[in-house]
Structures are given as structure tokens and as C-alpha cells.
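Those sequence lines, one after another, are chains A and B.
Count along the first sequence from 1, add 3, and you get the number used in my numbering.
Count along the second sequence from 1, add 3, and you get the number used in my numbering.
The block underneath contains the structure these notes are about, expressed in C-alpha cells.
There are 2 protein chains.
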Amino acid sequence: MVNEKKKAEASLKSLHRIFTVPEAPHSTLGTIEQAISQNLNRFLQDHIIATDYSLTEIEKDFSDANVPEQPSFVSDHTEFLLEKLVAQSVHTSSPRFIGHMTSALPYFLMPLSKIMIALNQNTVKIETSKAFTPLERQVLGMLHNLIYQRDKPFYDNWMHSAEHSLGAFCSGGTIANITALWVARNEALKANADFKGVAEEGLFRAIKHYGYDDLAIIVSERGHYSLKKSADVLGIGRESLIAVPTDEHNRIRIDKLEETVETLKAKNIKPFALVGVAGTTETGNIDPLNAMADIAEREGMHFHVDAAWGGASLLSNNQRPKLNGIERADSVTIDAHKQMYVPMGAGMVIFKDPSLVSAIEHHADYILRKGSKDLGSHTLEGSRGGMAMLLFASLNIIGRQGYELLIDQSVEKANYFANLIAEQPDFELISEPELCLLTYRYVPEDVRRAFAIATPDQKDAIHKRLNDLTVFIQKRQREAGQNFVSRTTLTPNYLDRRSTHVFRVVLANPLTTKAILQDVLDEQRDIAKQSTLAYPELMAMTRRILG
Amino acid sequence: MVNEKKKAEASLKSLHRIFTVPEAPHSTLGTIEQAISQNLNRFLQDHIIATDYSLTEIEKDFSDANVPEQPSFVSDHTEFLLEKLVAQSVHTSSPRFIGHMTSALPYFLMPLSKIMIALNQNTVKIETSKAFTPLERQVLGMLHNLIYQRDKPFYDNWMHSAEHSLGAFCSGGTIANITALWVARNEALKANADFKGVAEEGLFRAIKHYGYDDLAIIVSERGHYSLKKSADVLGIGRESLIAVPTDEHNRIRIDKLEETVETLKAKNIKPFALVGVAGTTETGNIDPLNAMADIAEREGMHFHVDAAWGGASLLSNNQRPKLNGIERADSVTIDAHKQMYVPMGAGMVIFKDPSLVSAIEHHADYILRKGSKDLGSHTLEGSRGGMAMLLFASLNIIGRQGYELLIDQSVEKANYFANLIAEQPDFELISEPELCLLTYRYVPEDVRRAFAIATPDQKDAIHKRLNDLTVFIQKRQREAGQNFVSRTTLTPNYLDRRSTHVFRVVLANPLTTKAILQDVLDEQRDIAKQSTLAYPELMAMTRRILG
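Structure representation (C-alpha cells):
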């Protein structure tokens, strides 16, 4: 019994040690940190996307649902992580990883992120964040300024005001969109007369009180899937997210938008929010924001712009005009972990009017007391870390002009790639880049000629095989691990709105070279011919049609 | 013009460099990293909570809403951060910082978090996370196992199943609670006959279809404020979060709960969810979960347990019995960034039934395709980082037995402090610790004697002054920067449910010593006497009453 107690005390002592600051720079932890850095540098320099282990094989290393009873040495566990996790993860910062918006990171963020992790501030309240609160408010101010360009007195008045907020930092674009639409819903159904507002009384009583037959949110058919999720969460219903058709450039059709508004009004359905897309996730196109703002103003709709991806382009004075009208939005979503090059978890929603957030304000006794500057009184999330710090550092270290260069060259590179694709006899550009995103597919030259003269039935058959071929190429290329493009489905007008699988490319990594882009196409062409189903079938059809 | 172009090219080249892996260990970034580590170690060793700069002064350093035009050197900006941010932040891991749940971190997480930041995986989909996806699924499995203790075949079947999920990782307890209640709402109002379900059709049509007059969520009056926020976001309305009175131990009163259910049913209001609290934020008490589960089962309510804080105690076999009944919950919220000692941003919701998440499933063309193992198809958030990795590492390195020791000693320390407070003639324990959280206040000995014999009016007057004194002491102590306790408001039965300000203490930091606890009381006693308003007034009243 005495021995047991002594053993427990010894264990506790060694547990205390892990919470104590390691004193010597050459401590065990210091050595482990060096080993990690070297391993990571090696991994990141290898420039290979993934290993050839299948997911099923990897799952075997992560299959035990028991929390281990006994402790492990940090060094042993680090070895496990490096071998089983790091080596089997995706090299998202490779210049050959051009399929998603998850971006390469500037290396100065590695040492700086140490500050964020070690201080472990909780920005929900001043008591656990102190200087991180003014810092976050300043970052939100900078983003507000980037969008709305108000004068100095405006920011002097509102940036640090306890009762106001220029926006909210959050984990990502989805939470940002939900927050914006939550504000919009609560504003549209606010307290009046004896009705205490939707926040207090709920949607059922709110809609009855206002006498509507239902609510709706309007967005183009290219809107991000998070908007459907928002409509579900907020109790609006996915069906009430009304998708308006787009033109040949994937932008919302204003005539169809007007029709939609009229139809809804005729049915006594209140469209309380209109969402403009500034950089669609699938094609990178930007809605006609000014024309949308006109309609939103006229109809009393909250105008939200989902610029999760495209918003970073405001940092370039050369790209800025493409987003004209964004300064008329009531709220804007921007993800800094996309083209602002900071790590995952840096979403933001910015509000034009600093008092708009009062629609979602809440307080509690032990924190978020009225009059405090606690950020948590107007965010969807509660406890949150100090991620704003990394955006703050990047904005300062890269500077606006630095971002301008990075963003401009990504657009130039996308234009270069679009031209390169258009020049190939066997590739087809599906959507031209407006910013640094484009889509295309592989169509053998003969197939293209055959398609042009085929009967409608033959066209359908060819189209189906081309879709199969696109899926085959994308999967096989991803598995080969040299290059990575993503894949989506579009309905191009010139293909009679047939559901069309396409390759999708985002050229945000500054290190992606022209040689890499050429290599991506060459590899896809090679892979196509390895298809034992779609390719031979396509060729047989083509021969029959061309005779 | 040529010169301009050359200059831009040179700038671009230097921008490229920041995305390139630094080659030498003695590179500039390496040196900066060392400087940061040393500075952080100094700051964290100083064991002082905050500096004496006021928030207003700090705000001056964060007041410019312009994104700087020109870039800065990393070294210069780092200096700014160390001086203006780090030095003005809150030392949340100090053993004297015992006011909040934001915890101290084991130091092995510093090097390991480097892996998370550098790899920058996006766990929304396999394509950007690979091994991080099985890892996260395993962590969710471990937590599920901790709560529900199912057998190996269960986890073999469901842990890595594409169509199922044992839970969702998220940024924190608020998102976890919203997710759980979102699932509950969608299950309660699911598709039937020609109705497509609330997710598709929205709340208004759902409630009409089901023929209810309204919905409700039931929780004790000690429920976390995020539940009100959830009720608002989900369209239920804050008023429809029904607060049931608690007993003298801050636990929901089962008799009152039964009454509440009856009253709601009589009004044709559907209580679709019952929330048990396992560790209230303000007093740390645990609801009678088994009795609640009985009622939830009988009434067909979704039973959610908010164990954001208390859930970690399941890692101790000695504390586990206090949470009996949690294994009957349909869903459970646990925050690993509380007593599992990982950095901010590690919330989780765990579901008993692996197919329950289908209530909130969603898909998109370019990601989250049906049949994929993408985690993003059943989370509220979209893009997310690899935070699960740090919990995985901590569970492995500390081990269950290590956590048991940490958690048990925190409870012992709370009991020690409760006894210490009870022994003081001039302190009053308000709520006893059930886990490692307790509340108390300062009441001079004479005041206590006077209160006992005072008239009701005199009691009110004394009570008001004591409240003022509590606020004064807590603020002044925080500002002095040596020790930190938080403050909340309770309505203790023995004080006739008067609104009572109290000190709130969370003893999660393993390095907090008995000497520190004594010091906290001594300092509070000293500060009390410095009050130029509440203290002299209290004393004057006391003299009048005692004669």
C-alpha cells in the first residue's frame, strides 16, 4: 500500500515535469523538435504528393479504439507520427498539388505559430486573451477597410468599441456564411410590437407573426454547398435556398434573378437574403455584384457576398475591379487560409454596419458581461484560439504590395495555363480563369471531330464515355502521386447543359512552374491511353462515326 | 518601364523565397525561431499573469485599419509581436491562473504542433488529409469507447465506415452542442409520408406538418450559454430553451423536470431534446444522468449530455462513477482543450448510434461524394485543420493512467482548497467541488454574525455590499497580476436565492500548489480591506446591527 502510494507520487512527479518549461536548449524536447523539423523539411522538399499506401492499409495503423493504458515516450510516439502519419499525409504545399484551395504556407509562419500554440489564448474573452483581443479587432478592421474603404474616423470610432464589431473571426467559410445568414434572418424577423424577435421566439412564431408563407435565400446555382448547410441549420430548409441559373461564364443571370424574386413574392415567400459569389468554388467566377446590390436594396434583402476564396484578390489593386460592388454588401465572407496563405482555421465574416451584429448578441454571467470588449458576445463559436495573429503577421510581413504580386502572378499563370490547354488539339478548356481557377478536360482530337457530326444519341454516348475517362484520369493521376488536380461536375451551355466531369485547377502556389503545368497535361494524356475501358470504347465509337 | 518590370520580378523572386523550405538549420528563420523559443520560455517561466498595461493602452498599438503597403522583415515583426503581443497576453498556463478552464499545456505539444501547422492538412476531405482522416476517426472511436464502452467488433465495423461516423471533431463545445441539437431537431422532424423532412423543407413547414404548436429543448438553469445560442441559430428560439430549477447542489430537479415535460405536452409543445450537464460551467456539478435518461427514453426525447468540461473525467476510473448514465446519452459534447490538456480548438460531439449523423449528411460534386470517407459530409464546419493529431498524441504519450493521475489530483486539490476555505473564519464556500471546480466568497467574520441576526431589509443591504466587495476583490486581484480567479453569479438556496457574486476556481493546472492557494486567499483578504466603499460600509452596518 505504501509502495503503491510512492509509485503514484513518482508518476505524478514525472507528469508534473511535462507541464514544466524545458530549461536547456539541448533538452530532450529540443532534440526531438530538431528531428521533427528536419523530417518535415525533408518531407516538404521531396515534392511528392502522397505515398502509394492505400487508405485501407493506412487505416490498419489507426484501428484501435482503446485509449492506451500506459504512457509512451515522446520520442517513440514522435517516431510513430513521422512514419505513420507525416509520411502518409498529403503534401498540400507541393507546387504540383494544384487541385484545391488549401495553400502553400510561407515558412516564417512555422516559428510564429509557436507563439500562438504556446500562449494558448482563448479569444472568447479578454480575461484569457488580453492583447489578442485588440489584435483580432485590428485584423477585422483591416479586412473591413479592404472591402469598404471607410475613413479613419470610422475605424477610430468602431474598431475597438465594446458594443460594436466589424466582423467575426471563425474557423472557416462555412461558419462565416452561417453567421452572416443568421444575422440576416434575425434582422428580417426582428422584434416589433409585442413580438420579441426570432432569436427569442423562434422561426415558427416569427413567420406566423410576419404573415409570410415561408422564407427564402437566393443564390446562383454555383453557390457553395455550405449555403445549403446554412439553410438547413438555420431552419430555413435546403429547398428554400433558391438556385438561380447562371450564364455561360457561371455568373448569376440577372433576368432570372428578377423572375425568381417576382415568383417568390407572388407566393408570399420572403426572400430575406441574396448571396453573391465572388469566386465560385468550382469555376472561380464572380457574380455581377453591383446589379445584385441594386436588386437587394430595392427589395430590402440582406446582401451577402461569399468571397471565401476570391476575397483575397482585393489585396491587389489590379484584380480589385473584378469584385466591384462588393463594397455594397451587408456582409462578406473571406477565408484567410485560402489565398492569404495562412494555416487552416482562419475564416472571417465582415459586416458593413458595425451595429449589425447586435442581431446575434448574447451574454452570460461569468463572461461576456454587457459593456465588456469580449469578442465572444457576437460570434457563433465560443472558445477560440489566437489564429488572427498569424493573419496579422502575414499582412505585415508580406505587405499589401507583396500580396498584390502573389495574386497577380497566380492570375497570369492561370491565363498561361488556359492558353496552353486551348493550344492542345486533345484538351478542351471548359471554364476560362477569371482569377486563378480554371476547368478543362481531355478530349482526343478524333473524338472531338466525331462529336461535332454525331447524332444526338451518339453525342450522349460519347459524352458518357468522356466523363468516365475524366474520372479515370483524375483518379489514376492522384494515385500515381506526382501531380494532383481535382475534379467537379459542370453543365456547360455549349454542351447543352449535359452533366460534364471536368478537371479543376487552382494556381495559388507561387512555386508552380510552367514546366509543371506542361507535365500535368503530358501525364494526363499518357494516363488516358492506359484506360482499358473508356478510351478503347471512345475510339471505337469515333471510328464508326468518322467512317 | 523595363526597370519597373525588373523590380517586380526581383520582388516576386524574394516572395518565392518565403515559400521555399529553409535549407540550413542556421538560417535566419532558424535563428528567429530560437529567439522566439527563448522569449516564450522566459515569459512562461516568469509566472506572472499579465502586465500592468490597460486595455486602452494596448489598443493604441493595434489601431491602424490599413494593411501595410510595404513588407516587413520577419525579424522586425517578430520583435514587435514579442514586445506588444506576447508581453501583453495572458499567461493562461500559470499555476496561479486558476479562474478559467483554459488549461496549461504539456510541453511536448510545442514541437508536435509544428507537424500540424507545417503539413496544413484540410480534414474536410481525404484528398487533402489522407492519413489525418483515419487518425481523426480513431480519436473519435477512442472517445466513443470512453463513453459507451462497446466491444471490438462494434469499432471494427463503424470506426472507418464511409456511411457512418462516431462523431465530429470541431472547433469547440459550442459547435459541438449546436451539431448535437441540429441532429436531434432533424431526427425529431424527419421525412415522413409526403413531407421531406425539416432539413429540406424548413422549420415552419415541419412544425405545421407534425401538428405541434412549438418545439422546446429542456436543460437545467445551470446549462451553458451556448445552448441559448443553439436554440437561436437552429430557429427554436431562446425562449424555447426551457430552464428547469436545480437543487442545492446545482443539479436539475427531477420533479421539476417531470412537471416541465407535462406542462409542455399539455400545450402541444414538443420537447425534442433533453440536455444533461456533466460539469456545469459555473459550479462543476453533474446532473443525475440516469434519471434523466429514463425520462428521455420514456418521452422519446433526444438525450444530449454537455460534458464539454467534465467529460475528461471519464479517463479516470475513480471519477467515472460520478458520470454514471452518460453511456445512455444519444450524444455527448467533450472539449479536449479543457482537461485533456491540448491547445484551443479541439471540441468533439460523439454519437451513440453511428448512423445518427445521416440526419445532417450533405454532399457536393467536387468533394464529399457519396461513398467517400470524407469527414466533411457530416460536420457543421467545412474546411478544418488536423487538430485531432494533438489529442491523439496526448492520449498516447500521457496514457489513460497518466490522465487518471492528473484528474484525480485536481479533484483532491479542489477538496483541499474547499476545506481550507471552510476553515477560514472570513471566507464562505458557496459550492462544494464535485470535480475540480468550486465557488466561494469573502465575508468578514463580524459581517457573518451580523447577517445571522439581521432583519430582512438589513440582510438585503449587507448582501448587496458583499456583492460589491466580491466584484472589487476579483477585479483588483486580476489587475495586480499575481493571481487570477474568475467570477460568476449564483442564486444559492441558503441565501434565499438572492443573486450572489462569487469567486470561481478551476484547479486543472497540475503545478498549482497548496502554497499558491493559501496565497490567493491571503491576497484577497488584503485587497478587501483596501476597498474604500464596500468594506467600510459593510463594517458600519455590522457595527450598527451587533450594537
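From the three backbone atoms N, C-alpha and C, an ideal C-beta is built for every residue, glycine too.
Whole-angstrom C-beta distance between residue j and residue i, which should lie under 8 Å
{"i": "B/T284", "j": "B/N253", "result": "That belief does not hold up - the Cβ atoms of B/T284 and B/N253 are roughly 11 Å apart, past 8 Å."}
{"i": "B/T473", "j": "B/Y445", "result": "7 Å"}
{"i": "B/E224", "j": "B/T263", "result": "Actually they do not touch by this definition, with Cβ atoms about 11 Å apart."}
{"i": "A/I272", "j": "A/Y344", "result": "Incorrect: roughly 42 Å between the Cβ atoms, too far for contact."}
{"i": "B/I465", "j": "B/A457", "result": "6 Å"}
{"i": "A/A511", "j": "A/Q322", "result": "That belief does not hold up - the Cβ atoms of A/A511 and A/Q322 are roughly 13 Å apart, past 8 Å."}
{"i": "B/T95", "j": "A/N123", "result": "5 Å"}
{"i": "A/R387", "j": "A/T126", "result": "5 Å"}
Other residues of its chain near residue i: CB distance less than 7 Å, five sequence neighbours each side excluded
{"i": "B/I178", "result": "G350, L383, E384"}
{"i": "A/H167", "result": "W161, P357, S358"}
{"i": "B/K270", "result": "D216"}
{"i": "B/A537", "result": "R468, D471, L472, F475"}
{"i": "B/L184", "result": "I220, S233, L237, A276, H307"}
{"i": "B/A165", "result": "G374, S375, K376"}
{"i": "B/E540", "result": "R468"}
{"i": "A/A121", "result": "none"}
{"i": "B/Q527", "result": "Y445, I476, Q480"}
Proximal residues of chain B, C-beta to C-beta of residue i below 8 Å
{"i": "A/N69", "result": "M145, N148"}
{"i": "A/N293", "result": "Chain B residues near A/N293: none, gap ~24 Å exceeds 8 Å."}
Contacting residues, own chain, Cβ-Cβ under 6 Å from residue i (five flanking each side not counted)
{"i": "B/E190", "result": "A362"}
{"i": "B/S489", "result": "G102, H103, R507"}
{"i": "A/D64", "result": "K87"}
{"i": "A/V598", "result": "For residue 598 of chain A there is no data in the structure shown, the boundaries of chain A being 4 and 550."}
{"i": "B/F420", "result": "L520"}
Reference residue i; option with closest CA among the options
{"i": "A/M296", "options": "A/A332, A/A165, A/T336", "result": "The sequence given here has Ala at residue 296 of chain A, not Met. That would be A/A332, whose Cα lies nearest to the Cα of A/A296."}
{"i": "A/N180", "options": "A/L359, A/L230, A/L138", "result": "A/L230"}
{"i": "B/L326", "options": "B/M347, B/E300, B/G287, B/M304", "result": "B/G287"}
{"i": "B/E448", "options": "B/Q461, B/A425, B/G205, B/L438", "result": "B/A425"}
{"i": "B/E482", "options": "B/I530, B/H381, B/A107, B/E435", "result": "B/I530"}
{"i": "A/V352", "options": "A/M145, A/P495, A/T494, A/N195", "result": "A/M145"}
{"i": "A/S97", "options": "A/S106, A/D309, A/Q91, A/A90", "result": "A/S106"}
{"i": "B/L398", "options": "B/K268, B/L15, B/L143, B/F198", "result": "B/L143"}
{"i": "A/L524", "options": "A/M544, A/L441, A/F430", "result": "A/F430"}
{"i": "B/I239", "options": "A/K211, A/K259, A/L206", "result": "A/L206"}
Interface partners of residue i on chain B, CB under 9 Å
{"i": "A/H340", "result": "N123, N125, S386, G388"}
{"i": "A/Q73", "result": "G402, R403, Q404, G405"}
{"i": "A/W185", "result": "D235, V236"}
{"i": "A/M392", "result": "L84, L88"}
Per-residue contacts from residue i into chain A (C-beta, under 8 Å)
{"i": "B/K10", "result": "Here the premise fails: no neighbours, minimum Cβ distance about 10 Å."}
{"i": "B/R208", "result": "D217, G240"}
{"i": "B/G102", "result": "E130"}
Interface partners of residue i on chain A, CB under 7 Å
{"i": "B/E526", "result": "Residues of chain A passing the Cβ test: none, with the nearest at roughly 17 Å."}
{"i": "B/P109", "result": "I21, F22"}
{"i": "B/T105", "result": "N123, N125, T131"}
Near the ligand SAM: residue i beta-carbon under 7 Å from a heavy atom
{"i": "A/L317", "result": "For the ligand SAM, the structure offers nothing, since it holds no ligand at all."}
Under 7 Å by beta carbon: chain B residues contacting residue i
{"i": "A/Y445", "result": "Here the premise fails: no neighbours, minimum Cβ distance about 18 Å."}
{"i": "A/N399", "result": "P71, S75, H80"}
{"i": "A/S96", "result": "N123"}
{"i": "A/V89", "result": "I118, L122"}
{"i": "A/P114", "result": "L32, I35, E36, I39"}
Residues near residue i by beta carbon distance below 8 Å, same chain, minus five either side
{"i": "A/T81", "result": "I35, A38, I39"}
*Return the residues of the stretch 210-229 of chain B that lie within a Cβ-Cβ distance of less than 9 Å from chain A, sorted by chain order.*
I210, K211, Y215, D216, D217, L218, H227, Y228, S229
*When you check each C-beta in the stretch 496-517 of chain A against every C-beta of chain B, which residues fall closer than 7 Å?*
R507, P513, L514
_Near-chain A residues of the stretch 459-493 of chain B - C-beta to any C-beta below 9 Å_ = Considering only beta carbons, the part of the stretch 459-493 of chain B lying closer than 9 Å to chain A consists of R481, F487, S489, R490, T491, T492, L493, in chain order.
*Quick one, which residues of the stretch 247-271 of chain B are near chain A if we go by CB-CB under 8 Å, in chain order?*
Those would be none; no residue qualifies.
*Looking at chain B, which residues of the stretch 340-365 of chain A have a Cβ within less than 9 Å of any of its Cβ atoms?*
H340, K341, Y344, P346, M347, G348, G350, I363, H365
*Contact list for the stretch 153-184 of chain A against chain B, Cβ threshold 7 Å*: Y158, M162, H163, S174, G175, G176, T177, I178
*asked:* Residues of the stretch 312-336 of chain B in Cβ contact with chain A at a cutoff of 8 Å, in chain order, please.
replied: L318
_Along the stretch 56-68 of chain A, where does the CB come closer than 8 Å to a CB of chain B? Name the residues._
L58, I61, E62, D64, F65, S66, D67, A68
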